[in-house]
Structures are given as structure tokens and as C-alpha cells.
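Let me begin by presenting the structure, written as C-alpha cells, before commenting on it.
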Amino acid sequence: MIITCPNCQTRYKVANDSIGAVGRQVMCASCKTAWLATPDALGSHQVFDDPDPDDDEIAFRADKDQDFTTEQEALADAAMESHGTRQPSETEIQQSAERMQALAKRKLDMTRSLPYARMQRLARWALLLLVAGSLAALVTFRTEIVRMAPSTDAVYRLIGLGTNVIGLDFIDVKTLRTTRNGTDTIVVTATIVNSTNRVVSVPPVLISMIDGQDNVIYQWSVNPSRRNIMPGDGLEIETDLSAPPPDAQNVRLTFIEGHTAPAPAQ
442 MIITCPNCQT RYKVANDSIG AVGRQVMCAS CKTAWLATPD ALGSHQVFDD
492 PDPDDDEIAF RADKDQDFTT EQEALADAAM ESHGTRQPSE TEIQQSAERM
542 QALAKRKLDM TRSLPYARMQ RLARWALLLL VAGSLAALVT FRTEIVRMAP
592 STDAVYRLIG LGTNVIGLDF IDVKTLRTTR NGTDTIVVTA TIVNSTNRVV
642 SVPPVLISMI DGQDNVIYQW SVNPSRRNIM PGDGLEIETD LSAPPPDAQN
692 VRLTFIEGHT APAPAQ
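Counting from 1, position 132 in the sequence shown corresponds to residue 573 in our numbering; the numbering is continuous, with no gaps.
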């Protein structure tokens, strides 16, 4: 059988069984071109079946130098294997990585410039602004929120944001220990102020005596002299306790409806 190199047209004479029915990968010894030689491929034909060979073919049949010897076939196979399994160098790997990065960057730039991508970015910014605005509103209007939904007060206190639903605060809380009719007496004074822009009804005030471990050891209540306080106005209260507990170290004033305003003893 004669096979012809598709690149340089060099022809080789090989044994019929060396190609096989499905073909075989071969390499030209002259130009190093590799191709798949098959019995019915272009450039491959049975020379011994040609009843009328021309002069070139007769001369080629007689040219023993063009035969593929067993050693040449082994060398060609080795060359093909090394050609197919050659490991790329570090420079080639780096160049390939750089090309891939450049391609990825171009694709990313093209994607970002598309109208759909711009719409996505605008939607993300709008969502971010909406979330930030909602959080700011939850903090700023927490008093109104707790007033409408009292159960949320525990959530605000859990994250360290106290709420003043009543709108009243205690200021100038003072305690004075004295003796009246030979009995130890503690006098508690304070001012209740309205910190809102509306008229607020004043609930009763609970006075708690506190020991050194912040435990309540005694309590009593006081009804303010006025039931309503105008915006920005204040109301003074005064109460006393005869024979207070000897281990009392502090007082705490609390509105009975739930508003607590700790105040250290002075």
C-alpha cells in the first residue's frame, strides 16, 4: 500500500496490515506532518491492484528507500505520542492565563454595559436605600411604633434602644436622709418633665428602694399633684419614708404604667 503526505506529497510504501481497516496515525519523515492514513483515504491506494501502473509508480515501487521500516514506524509512533502529550511550559501557561483573564475582563465589561446590567445595578441601589431608610425610620420613630405595638418594646430594649412611650422623664432626682420626731426618714424629690409636643397624662409613680446588689427591698407609690403636663413643662414631686431599710443604698422611680427611669441617690 502507498500513502502520500498531504503536506509535501512524499509517498511511502507500507504493508497492508500496518494501516488496518480503521486507519492509523502516521507522521511524514520529511516535513513532520501528522495525519490519519486509511485504506480508502485520498492519497492512499493499493498499488499491487493497479493493472496499468505509470512510470512514476513503477519507479516508486522499486525505490526501497521510501519503505517504512519497523524502526521508522516505531520512531513515528513515538514522535506522535510526544507531540500529543507534550506538557506546556510555564511561559505558555502564564500567557494562556493572561489571555483568559483579558477575555474574562472584556466579557465582564461588555456585560456591565448592557441595559439589563444597568437596570440590575439601579435596582440593587434602590433596594439598599430602601433598607437603609426603613432601618432609620424604625430607630427614629421607635416611640410611636412601640406606642402602636407595645410588644416591640422588648425588641428595642434587646438591641439597646430604650423607648419612652409615655413621653415623661425624671430629672433632678434627690434623696435626703433626716430625722423626724426621733425617727430616721428618707425624703425623695424629683421633677417630672414632658419631653413631647403634646399634653401628657401623668401616671402614678412607684418609688423603689434598692440595695447594693440592685435588688428591690421596699416600694411605695405616689400620686402627682397634677394629672396632665403641658409640652416642655415640669411637675415636682416629693415623698418620704419613715424608718427606711438600713441596707437601702439607692432609689428608682418608675411610672406604674411601665416607664422606668433609674436615678442614683444623691
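We put the CB at the ideal spot given by N, CA and C, even for glycine.
| query | Thinking C-beta only, is I612 closer than 8 Å to F696? | reply | no
| CA-to-CA distance, A543 to L483, given in whole angstroms | The pLDDT assigned to L483 is 41, lower than 50, so where the model puts this residue is not dependable; a value taken from the coordinates is nonetheless given after this. Computed Cα separation, rounded: 42 Å.
| Neighbour-count burial assignment, T532, 16 or more Cβ in a 10 Å radius | exposed
| With respect to 7 Å, is the separation between the Cβ of V455 and the closest non-hydrogen atom of the ligand ZN below this value? | Absence of the ligand ZN is noted for the structure shown, with no ligands found whatsoever.
| D490 burial status per 10 Å Cβ neighbour count (16 or more: buried) | With a pLDDT of 47 at D490, under the threshold of 50, the predicted position of this residue should be treated as unreliable, though the coordinate-derived value follows. With fewer than 16 Cβ atoms within 10 Å of its Cβ, D490 is classed as exposed.
| message | Under 8 Å, with one C-beta from each stretch per pair, do the segment 681-697 and the segment 645-662 reach the 3-pair mark? | response | yes
| Mapping DSSP to helix, strand and coil, what is V488? | In this prediction, V488 scores a pLDDT of 41, lower than 50, which makes its location untrustworthy; no coordinate-derived value is stated.
| Skipping 5 residues on each side, what residues in its chain have a beta carbon closer than 7 Å to that of G673? | N635
| field | Extent of the continuous beta strand (DSSP E) run through R598 | value | That residue, R598, is in no beta strand (DSSP E); its alpha helix (DSSP H) goes D594 to L599.
| said: Quick test of your reading: T626 and D688, contact by CB under 8 Å. State the CB separation rounded to the nearest angstrom. | reply: Not confirmed; about 17 Å, so no contact.
| field | N- and C-terminal bounds of the beta strand (DSSP E) containing G675 | value | G675 to S683
| field | CA-to-CA distance, T552 to A558, given in whole angstroms | value | 7 Å
| field | Spatial neighbours of R708 in its chain, beta-carbon cut-off 7 Å, leaving aside the 5 residues before and after | value | It is not possible to answer for residue 708, since the shown part of the chain is limited to 442 through 707.
| field | Top-ranked residue by Cα proximity to S662, from V640, T445 and V629 | value | V629
| message | Could you tell me the alpha carbon to alpha carbon distance between M442 and S530, rounded to whole angstroms? | response | 39 Å
| Hey, how far is the Cα of V455 from the Cα of I534? | 39 Å
| query | For the 8 Å Cβ check, are there 3 or more pairs between the segment 591-598 and the segment 650-658? | reply | no
| field | Straight-line gap, L617 to E585 (C-alpha atoms, nearest Å) | value | 37 Å
| said: Helix, strand or coil, according to DSSP, for I612 in the structure here? | reply: strand
| query | How should L599 be labelled, buried or exposed, when 16 other C-beta atoms within 10 angstroms of its C-beta is the threshold for buried? | reply | exposed
| Can you name the residues that DSSP bridges to P633? | The sequence given here has Ile at residue 633, not Pro. For I633, which the question treats as bridged, DSSP gives the partners F611 and L676.
| Would DSSP call D625 helix, strand or coil? | strand
| request: Classify D550 as helix, strand or coil using the three-state DSSP reduction. | output: helix
| request: Specify, as a first and last residue, the run of the alpha helix (DSSP H) that R452 falls within. | output: No alpha helix (DSSP H) contains R452, which is instead part of the beta strand (DSSP E) from R452 to K454.
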